[in-house]
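Here the structure comes first, spelled out in structure tokens, and everything after it is commentary.
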Amino acid sequence: MAQNPESDRSGDDAYQVVRARVLNRAIESAIIQAKQDASGKTKGAPLPPAALRPLLNFVRLPTAASRRVLEVLDSDEPFRTSVAGTLSEADLGRESWLFLHRPEGWSVELGLLIESAAEDEEAAAAGAQGRTAERRLAQAEEALARLKDELAEALEAAKGATEALAAERAAGLGLHAQHDQLEQRVQQLEQERQQAVRSMKDAEKRASVRLEESRLATSRADAAEQQLTELEAQRAVADAAAIHTSAADLPAEPLAEASEPEEPLRPRAARPSVWEGVDPSKVEAAVRQAALAAAVLGEQLGVLAQSISPAVAEADMRLASEQPSSNPTSSDSADSADSADSAELLARRPPRRTPLRLLRGAIDGSPEGVEQLLSTPQIILIADGYNISMEAWPLLDGASQRTSLLNMLTALQARTSALVHVVFDGEGTGTRPAVGAPLAVRVHFSKAEVEADDLILDMVAGLPTDQPVIVVSSDRRVQDGARRLGANVVSSGQLLAVTRSS
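Mind the numbering: the sequence shown is residues 1215 to 1716 in our numbering, read in order.
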């Protein structure tokens, strides 16, 4: 009785690989039939076998999937019969036709065909290996021939060099003198080298001294700058105290009693002056302090006027339309005075904010530099919400991005005590999206017609110029605008690097 290679080698992996390759048409026909059954286009057609459903979306089946299809065809006779259908041997090939239709003796014939295909593949592989070996042998022989040629050339060159050396030795004229001259030259060059080394060391010492002097000068300058800042703060406190003290020292104008008769007019020189007994230097100092305080107050009013002037103008127009004035003349005068005051306040340019300086050795944009900025007392951080969240979590939806960003900023605020604001673009629906923002992080949404970039820059411009501010965004327009307003700028990636490393 003939052996059945199809059943004897069912556990041989190499045989199964060849078997799947030989029965490729049967596998393709099974996948096509399963897709037709799954589509429901054929009325009354059964669903495809459950084991094949995960494979229907594959463009190209891997070997393991092909073996699974063959296992289903082996075990599910109704499905195999449905696949075979009216397909002929010309459509499928002899091997796939035998596997699907299974006439008498099919397994023996199929096993022999698969064995033959495996032997053909092994022979082809052996032939390819033989051709590769022959090609390598030819390359080695060519390399050996080249080496022989190079060796012959090298021997010829060595022979020529030997003959030239023999000729030089035979000549031998002046070689000893040349040797003495060369030795003297070597000694001279050695002395020059030693002198150059000494000069270089002296220059290094002088450079080290100058570097140390430069460091000391820089330290003194930093200390002087710090002392100047402290003195300016102390002077501001002293000025405010001096204003109150000077006002208390000035005598009040006495009020005449209504029941007393009016004092008759006297010449100016004879009248008692209210300034009698007052030190003129105190008066002058009080005037100077008051002028300085007025200038500072004017600058602060200028900033305030810039921030509230649109709202004031709108309120004035609304009041004018709702409550007509009973005294047009006085109203016009007051409006003129208010307009003049507003123009004067708006004409004042507020002092420019100065960005924070990093300590010596810290690099701008590095995690250490960002940590230094965040550790500044009373620092305000304004974050470009979607710019950060799109870089950190690009695959999440908008609500999930907001939640993840707020959680990250809450942890950052708890660690640094910075006052954190985050700005998102408005949704354009007229309603603010619901966010569960913690109290530590303040959330802002721009109006439908306003971009978050503009809102961020408006927030920076509306803060006092002595308030340190960090703006976090990778948007070029936001970064340039924030730098013009004197804020420190940190990119979204730099902030994410700090938060993820902490």
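Here a beta-carbon is modelled for each residue, glycine too, at the ideal position from N, C-alpha and C.
Cβ contact annotation for Leu1270 (same chain, cutoff 8 Å, sequence separation greater than five): Ile1245, Ala1248, Lys1249, Ala1252, Pro1262, in chain order. The beta carbon of Glu1582 sits closer than 8 Å to the beta carbons of Ala1576 from its chain, once the five residues preceding and following it are set aside; these are given in chain order.
Here Asp1689 is buried, its C-beta having at least 16 other C-beta atoms within 10 Å. Here Ala1421 carries a helix assignment [DSSP, helix/strand/coil]. Counted as a single uninterrupted DSSP element, the beta strand (DSSP E) harbouring Ala1597 occupies residues 1594-1598. For Phe1638, the secondary structure class from DSSP, reduced to helix, strand or coil, is strand. Secondary structure of Asn1702 (DSSP, three-state): strand. In the DSSP assignment, Arg1282 falls within the alpha helix (DSSP H) that extends over 1277-1289. In the three-state DSSP reduction, Phe1272 falls in the coil class, being neither helix nor strand.
Assigned with DSSP and collapsed to three states, Ile1245 falls in helix. Rounded to the nearest whole angstrom, the CA to CA distance from Asp1668 to Met1622 is 24 Å.
When DSSP states are grouped into helix, strand and coil, Val1664 belongs to the coil group. By DSSP's assignment, Phe1293 forms no beta bridge with any residue.
Counting only the Cα atoms, Ala1342 lies some 24 Å from Asn1238. Taking a contact to require three or more Cβ pairs closer than 8 Å, the region 1622-1642 and the region 1565-1579 do not qualify as touching. For Glu1309 against Leu1326, the beta-carbon gap comes to about 10 Å, at or over 8 Å, which does not count as contact.
The distance from the Cβ of Gly1707 to that of Glu1605 is about 6 Å, consistent with a contact at the 8 Å cut-off. Boundaries of the beta strand (DSSP E) around Arg1656: 1655-1659. In this structure, the alpha-carbon of Leu1266 lies about 11 Å from that of Ile1241. The Cβ atoms of Ile1602 and Val1683 do not sit closer than 8 Å to each other.
Residue pairing of Val1685 in beta bridges, as defined by DSSP: Ile1596, Val1703.
Assigned with DSSP and collapsed to three states, Leu1677 falls in coil, not helix or strand.
For Thr1295, same chain residues with a beta-carbon under 6 Å away, outside a window of 5 residues either side, do not exist. With 16 or more other CB atoms across the displayed protein chains lying within 10 angstroms of its CB, Ser1243 is buried. Straight-line measurement puts the Cα of Arg1429 at about 52 Å from the Cα of Asp1394.
Take the alpha-carbon of Arg1616 and the one of Arg1656: they are about 12 Å apart. Listed as beta-bridge partners of Leu1633 by DSSP are Ile1594. Scanning its chain for C-beta atoms nearer than 8 Å, with the 5 sequence neighbours on each side dropped, one finds around Met1673 the residues Ile1596, His1635, Val1637, His1658, in chain order. Between Val1232 and Glu1318, the CB-CB gap reaches or exceeds 8 Å. Residue nearest to Leu1570 within the set Thr1679, Val1664, Tyr1600 is Thr1679 (criterion: CA-CA distance). Along the length of the region 1342-1403, whole beta strand (DSSP E) runs at least 3 residues long do not occur. Judged by DSSP in its simplified three-state form, Ile1602 adopts helix. For Asp1305, the enclosing alpha helix (DSSP H) covers residues 1303-1306. In this structure, Val1584 places its C-beta atom within 8 Å of the C-beta atom of Val1712.
Leu1284 sits close to Ala1234, with the two beta carbons spaced by under 8 Å.
In the displayed model, Ser1618 falls within a helix according to three-state DSSP.
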